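Novice: At position 79 of the sequence shown the residue is numbered 79 (the numbering used here), and the sequence of numbers has no breaks. Where is the CB? At the ideal position from N, CA and C, for every residue including glycine. Remember, it's a predicted structure, so these values are computed and weren't measured experimentally.
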Amino acid sequence: MYHRVATPPCDPWDIAVSPENFAAHLEVLASLPRVISIGELGDSLRRGHVERSVTLTFDDGYLDNLECAEPLLARHGLPATVFVTTGGLRTGGDTMWWDVVGKALLHQQSLPPSLELGRGESARTWVMPEPCHEDLARWRAEPYGRREKKRPVPDRGRVYLDVYAHLAECEARDRELQIEQLGAWADSVGVETRPGRDERTMTADEVRTLAGRDGMTIGSHTQSHPFLSRVDAGRRREELAGSKRELQEVTGEEVVDFSYPNGDVPTTGAEEVARAGFATACTSRGAAAFPGQSPLAIPRLIVRDWEQERFARWLWQWGHG
Numbered sequence: 001m002y003h004r005v006a007t008p009p010c011d012p013w014d015i016a017v018s019p020e021n022f023a024a025h026l027e028v029l030a031s032l033p034r035v036i037s038i039g040e041l042g043d044s045l046r047r048g049h050v051e052r053s054v055t056l057t058f059d060d061g062y063l064d065n066l067e068c069a070e071p072l073l074a075r076h077g078l079p080a081t082v083f084v085t086t087g088g089l090r091t092g093g094d095t096m097w098w099d100v101v102g103k104a105l106l107h108q109q110s111l112p113p114s115l116e117l118g119r120g121e122s123a124r125t126w127v128m129p130e131p132c133h134e135d136l137a138r139w140r141a142e143p144y145g146r147r148e149k150k151r152p153v154p155d156r157g158r159v160y161l162d163v164y165a166h167l168a169e170c171e172a173r174d175r176e177l178q179i180e181q182l183g184a185w186a187d188s189v190g191v192e193t194r195p196g197r198d199e200r201t202m203t204a205d206e207v208r209t210l211a212g213r214d215g216m217t218i219g220s221h222t223q224s225h226p227f228l229s230r231v232d233a234g235r236r237r238e239e240l241a242g243s244k245r246e247l248q249e250v251t252g253e254e255v256v257d258f259s260y261p262n263g264d265v266p267t268t269g270a271e272e273v274a275r276a277g278f279a280t281a282c283t284s285r286g287a288a289a290f291p292g293q294s295p296l297a298i299p300r301l302i303v304r305d306w307e308q309e310r311f312a313r314w315l316w317q318w319g320h321g
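Rendered as C-alpha cells:
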C-alpha cells in the first residue's frame with residue numbers, strides 16, 4: 001500500500017515515498033512473475049485459490065499518483081488501483097486535513113503562543129512550546145500502532161498528535177470549520193496552509209485522465225475520509241454510495257473497489273460495503289492475503305520510503321515468511 005510518491009518537506013505519518021525510491025521499488029516488482037490488479041486478487045479470494053503475487057494500491061488520491069507514479073508504473077507495464085477520497089473532486093483538488101495540521105504546526109519554528117479550535121463549550125486550547133529547536137521535518141509520528149524506540153516525542157510533536165486526535169474525532173463539517181480556524185491562525189504568522197500544486201489531491205478531470213491510462217483502476221475511499229466506525233449507519237451509507245456514484249460519474253466506469261479510510265473497519269463493514277455495490281475492499285491490517293480471507297477485508301502492507309535493497313529484502317521476507 002502506497003499513498004504518495006513525492007518528497008514533501010514534512011511527512012509525520014511516513015506515507016510518502018520519493019520518486020527515486022518508488023522507481024527502484026518498481027524495478028524489483030517488475031522482476032516478479034505475477035503483479036495483478038485488486039480485482040484479480042478479489043476473484044482469486046472468491047475462488048479460494050490465491051497464487052503468490054503482488055497487488056499495488058494507493059490511498060487518498062493525491063495528484064502525484066497521476067503525475068509521478070503512473071508514468072513509472074506504465075514504464076514497467078504494472079497495474080495499480082488508486083482509491084480516491086471524493087471531497088476534493090467538488091472543490092478542484094484539496095489538501096487532506098492532516099496535511100493542513102502538519103503544515104500549520106510542523107513547518108515553522110516560531111508560532112503564536114496558543115491555539116484555540118472550536119467554539120463555545122466545545123473549544124479546545126493548546127499551548128505552543130517555545131522556542132522550538134527540534135528538527136520537525138524529520139520527525140515521524142510512527143503510524144499504525146508503532147512507536148519510535150528510544151526517541152522522545154518532541155514537544156511540538158505532542159501538540160501535533162493531540163490536535164490530530166481531536167480533529168479525527170470531529171464530524172466532517174465541524175472539522176472543516178476548525179481546519180479553517182487553524183489555517184487563519186497559521187496565516188497570522190505567515191505559515192501558508194493552502195495546497196500547492198504538488199500537495200493537493202486530484203480534480204475530477206485528473207481522476208478521469210488517470211482512469212483512462214492502461215492498467216490503472218479507480219476505487220473509492222469515501223467522500224470525507226472519516227473513521228467509519230465512529231459515524232452512524234446513515235452517514236456510512238452516504239459515504240460509501242456517494243463516493244461510488246461520484247467516481248462513476250467522473251470516470252464513466254463501474255467502481256467496484258473500496259478502501260476503508262484510516263484502516264477503520266466497522267463491525268458490519270463488509271456487509272455495508274457489499275450492499276453499496278463493491279466487490280472488493282481493502283483494510284490497512286498489516287498482513288498478506290491468503291485463501292479463506294474475505295475479498296471485502298483484504299489486508300495490505302504499507303510501503304515506506306526505503307531504498308531498493310531494503311525494499312527487496314522486506315518483500316522477500318513477506319513472500320517467504
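1) L115 bridges to which residues according to DSSP?
2) Starting from A288, trace the alpha helix (DSSP H) in both directions and tell me its first and last residue.
3) Please return the same chain residues whose Cβ sits closer than 8 Å to the Cβ of M216, not counting the five positions on each side in sequence.
4) Under 6 Å Cβ to Cβ from T280, same chain only, skipping five residues before and after it: list those, please.
5) Go through the stretch 62-118 residue by residue and report every complete run of the alpha helix (DSSP H) that reaches 4 residues or more, in order.
6) With DSSP as the reference, identify every bridge partner of A281, one or two as the case may be.
7) Under a three-way DSSP split, which group does R4 fall into?
8) Determine the burial state of L32: buried for a count of at least 16 other Cβ atoms within 10 Å of its Cβ, exposed for fewer.
9) Would P226 be called buried (16 or more neighbouring beta carbons within 10 Å of its own) or exposed?
10) With respect to the alpha helix (DSSP H) encompassing G157, which residues constitute its N-terminal and C-terminal limits?
11) Between the stretch 91-98 and the stretch 227-238, do three or more beta carbon pairs fall short of 8 Å?
12) DSSP three-state label for F311, please.
13) Helix, strand or coil, according to DSSP, for F58 in the structure here?
14) Counting only the same chain and skipping the five closest in sequence on each side, list residues whose C-beta sits under 6 Å from that of L228.
15) Applying the 10 Å Cβ sphere with the 16-neighbour rule, what's the burial state of R4?
16) Give the secondary structure of P12 by DSSP, where H, G and I count as helix, E and B as strand, and everything else as coil.
17) Could you pull out every residue in the same chain whose Cβ sits closer than 8 Å to the Cβ of R34, ignoring the five residues on either side in sequence?
18) For F58, which residues of its own chain have a beta-carbon under 6 Å away from its beta-carbon, when the five flanking residues on both sides are left out?
19) Which term fits G319, buried or exposed, when burial requires 16 or more other beta carbons within 10 angstroms of its beta carbon?
20) Which residues mark the beginning and the end of the alpha helix (DSSP H) in which I302 is found?
21) According to DSSP, what are the bridge partners of M216?
22) By Cβ distance, which residues of its chain are closer than 6 Å to A30, with the 5 residues on each side in sequence left out?
23) Do you know how far the Cα of S110 is from the Cα of P154?
24) Terminal residues of the continuous alpha helix (DSSP H) containing S44?
25) Along the chain, where does the alpha helix (DSSP H) containing W185 start, and where does it finish?
Specialist: So, from the listed chains and residues:
1) DSSP, once it has assigned bridges, lists W126 as partnering L115.
2) That residue, A288, is in no alpha helix (DSSP H); it is neither H nor E in DSSP.
3) The answer, listed in chain order, is E70, L73, P79, A80, T81, V82, L210.
4) Around T280, the same chain offers I38, G42, D257, P295 as residues with beta carbons nearer than 6 Å, after the five sequence neighbours per side are excluded.
5) Listed in chain order, they are 70-76, 97-106.
6) Partner(s): F258.
7) Strand at R4.
8) An exposed status is given to L32, since fewer than 16 other beta-carbon atoms sit within 10 Å of its beta-carbon.
9) By the beta-carbon neighbour count (other beta carbons within 10 angstroms, threshold 16), P226 is buried.
10) Going by DSSP, G157 is part of the alpha helix (DSSP H) stretching over 155-168.
11) Contact fails: fewer than three Cβ-Cβ distances are below 8 Å.
12) Assigned with DSSP and collapsed to three states, F311 falls in helix.
13) DSSP places F58 in strand when its eight states are reduced to three.
14) Here the set comprises R236, D264, P266.
15) R4 is buried by the Cβ-count criterion.
16) The DSSP-derived three-state label of P12 is coil.
17) Only residues of its own chain outside the window of five on either side were considered, and among them E51, R52, S53, V54 have a CB closer than 8 Å to the CB of R34, listed in chain order.
18) So the qualifying residues of the chain are Y2, N65, V82.
19) Under this definition G319 is an exposed residue.
20) Note, I302: premise wrong, no alpha helix (DSSP H); not H, not E.
21) Checking the DSSP bridge columns, you'll see M216 partnered with A80.
22) Only H76 meet the Cβ criterion.
23) P154 and S110 have their C-alpha atoms roughly 14 Å apart.
24) Where S44 is concerned, the enclosing alpha helix (DSSP H) stretches over 38-47.
25) The continuous alpha helix (DSSP H) containing W185 extends over residues 172-187.
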